[in-house]
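One structure is given here, and the rest of the page talks about it.
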Amino acid sequence: MQPNALTLRLLVLATFWSVLVLVVAGIALTAAYRRTAEADFASRLEFSLLTLVAAASFDEAAELAEPPELADPVYGVVMSGWYWQITRLDEARVIARAPSLAGETLTMPDLATSPLNPQFRRFAIIDAPRGEQVSAIEQRIVIGEEEVEFAFLLTGSRAELLAGIQQFRGQIVFYLGLFGFGLVAITMAMVAWVMRPLRRIRAALSRVVSGEAGELQGDFPSEIAPLVGEINALIAANRRTVERARTLAGNLAHALKTPISVLRNESANKRSPLAKTVCEQTATMERQVSFHLDRARMAAQSRVIGVATPVRPSLDSLARAMQRIHAERQISLNVTCPDNLQFRGEKQDLDEILGNLIDNAHKWAAGRVDVTVLPRAGTPMLRLAVDDDGKGLSSDERDNALERGRRFDEATPGTGLGLSIVDELVTLYGGELALEESPLGGLRVAVSLPRIVAEGGLQTY
1 MQPNALTLRL LVLATFWSVL VLVVAGIALT AAYRRTAEAD FASRLEFSLL TLVAAASFDE
61 AAELAEPPEL ADPVYGVVMS GWYWQITRLD EARVIARAPS LAGETLTMPD LATSPLNPQF
121 RRFAIIDAPR GEQVSAIEQR IVIGEEEVEF AFLLTGSRAE LLAGIQQFRG QIVFYLGLFG
181 FGLVAITMAM VAWVMRPLRR IRAALSRVVS GEAGELQGDF PSEIAPLVGE INALIAANRR
241 TVERARTLAG NLAHALKTPI SVLRNESANK RSPLAKTVCE QTATMERQVS FHLDRARMAA
301 QSRVIGVATP VRPSLDSLAR AMQRIHAERQ ISLNVTCPDN LQFRGEKQDL DEILGNLIDN
361 AHKWAAGRVD VTVLPRAGTP MLRLAVDDDG KGLSSDERDN ALERGRRFDE ATPGTGLGLS
421 IVDELVTLYG GELALEESPL GGLRVAVSLP RIVAEGGLQT Y
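Under our numbering, the sequence shown is numbered contiguously, ending at residue 461.
In structure tokens:
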């Protein structure tokens with residue numbers, strides 16, 4: 001998936017917001033649970049403290065008649081974190097303590113640090129005898145006529161509280177993570193479902209480009225249907241433009257052909273310098289008109305959408321023609337091409353490219369011509385190579401060979417326009433033409449052209 005793909009953008013955005021919302025929800029739920037757990041823990045301590053106060057019995061001298069007992073067994077487990085003690089404040093003496101304290105003493109902070117509330121009660125987190133922290137609640141009570149003040153102190157283990165909070169946090173992480181994974185999976189499915197019409201448009205465009213269809217076809221969502229309509233209108237306009245260009249080129253050719261022919265015929269029967277000049281200039285005019293009309297036609301055709309031409313049938317037809325044209329020279333022609341390889345362009349342009357190159361190769365070959373057309377892996381291009389075993393061209397000659405009308409051997413029939421015409425066509429189709437030294441010893445003409453690939457076997461004859 002490419003970094004700038006719409007699917008990737010949607011997935012990243014949906015995943016980011018899902019993770020953000022779930023993290024915030026997890027923190028909020030854990031905080032709410034912690035507050036609730038702390039409140040429940042404080043309520044339990046207050047209830048136990050009230051039970052302790054109610055269980056303590058004092059005589060008239062404000063002496064403890066008998067040590068109180070709490071029903072909760074945790075106060076009997078040594079160093080459990082659940083403790084209680086009763087202190088006579090005027091003597092700073094502990095008069096009773098829970099069995100779990102094992103003779104140790106609990107100490108509350110100074111009143112300046114942890115003052116009493118209006119109910120003569122205060123809360124604090126203190127260190128227990130073995131070093132762990134416990135939640136403590138202290139109640140001040142005045143007893144007897146002498147108003148002796150006692151402090152009832154009771155603690156609870158925070159380890160249990162924190163363990164419960166940690167367990168809840170682990171469950172929240174697990175379930176929210178599971179929910180987040182499911183949310184991302186559903187988002188991916190939704191994105192894939194929403195992007196299906198765009199993939200269908202892409203497939204429909206591929207069929208148009210390959211020539212299988214003339215326009216985008218199918219049912220599309222109402223949001224995309226106008227786009228499909230505009231693309232179909234663009235395809236139709238492109239074809240109308242091409243047809244107009246062909247018509248205008250044909251009309252211009254017919255309009256100029258007759259006057260030029262008349263001038264040429266009239267001057268051909270005269271022997272004056274003027275007639276000679278007219279003959280030369282009319283020949284130049286014919287070449288220029290032909291050149292520019294061909295170029296206009298090629299430019300129009302190279303931009304046609306939805307045109308595909310099988311390469312193999314054109315090669316087969318040209319091979320048979322070349323065998324007949326150059327029969328007296330007995331040239332061996334070897335052609336290699338996949339059966340279903342398709343050129344993305346007009347058939348007549350492909351025939352002109354192949355015909356010029358193969359004909360030139362036959363003119364210069366000593367006895368063998370090889371034509372190879374193969375797809376270029378990883379690119380939407382095909383590579384055409386035409387090799388001959390002739391004398392070839394030097395490096396300087398190859399650099400100048402594409403000049404229009406350039407000929408290196410006047411004894412060989414031709415106008416010198418073939419390679420330049422091929423170069424014009426190849427350039428208009430966005431390809432490249434290169435002249436190289438052939439493995440056969442002569443010249444290799446290598447051409448790249450746009451293609452449409454279809455699966456097929458490779459045959460050689």
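For each residue, glycine too, the CB sits at the ideal point set by N, CA and C.
The Cβ atoms of L176 and L22 sit closer than 8 Å to each other. Residue nearest to A62 within the set L89, M79, L198 is L89 (criterion: CA-CA distance). In the DSSP assignment, N269 falls outside any alpha helix (DSSP H) and carries neither an H nor an E. According to DSSP, residue pairing for E437 in a beta bridge involves L443.
Contact annotation: L425 and M195 have beta-carbon atoms that are not nearer than 8 Å. In the structure shown, E147 falls within a coil segment according to DSSP collapsed to helix, strand and coil.
In the three-state reduction of the DSSP assignment, W84 falls in the strand class. With contacts defined as CB atoms closer than 8 Å, L315 and C337 qualify as a contacting pair.
In the three-state reduction of the DSSP assignment, T284 falls in the helix class. Comparing C-alpha distances from N232 to each of R244, I201, I421, L274 shows the shortest one belongs to I201.
Between E160 and F16, the alpha-carbon positions lie close to 36 Å from each other. Counting the other Cβ atoms within 10 Å of the Cβ of Q139 gives 16 or more, which makes it buried. For P375, the enclosing beta strand (DSSP E) covers residues 368–375.
Across the structure, R271 and E286 are spaced so that their CA atoms are roughly 21 Å apart.
By the C-beta density criterion, W193 is exposed, having fewer than 16 other C-beta atoms within 10 angstroms.
Cβ neighbours of R97 within its own chain (closer than 6 Å, five residues either side excluded): Q85.
Of P221, R121, W82, V228, the smallest CA-CA separation from G156 is found for W82. Contact check for A365 against I331 passes: the beta carbons are separated by less than 8 Å. A direct Cα-to-Cα measurement between T277 and A321 gives close to 38 Å. Between E346 and T309, the C-beta spacing is below 8 Å. N117 and R9 have their C-alpha atoms spaced approximately 57 Å apart.
For D316, the enclosing alpha helix (DSSP H) begins and ends at 311–325. Assigned with DSSP and collapsed to three states, D359 falls in helix. Shown here, F16 sits in a helix according to DSSP, grouped into three states. Counting C-beta pairs closer than 8 Å gives three or more between the region 165–184 and the region 21–38, which meets the contact rule. A Cβ-Cβ distance of about 7 Å is found for the pair D370 and L440, placing them in contact under the 8 Å criterion.
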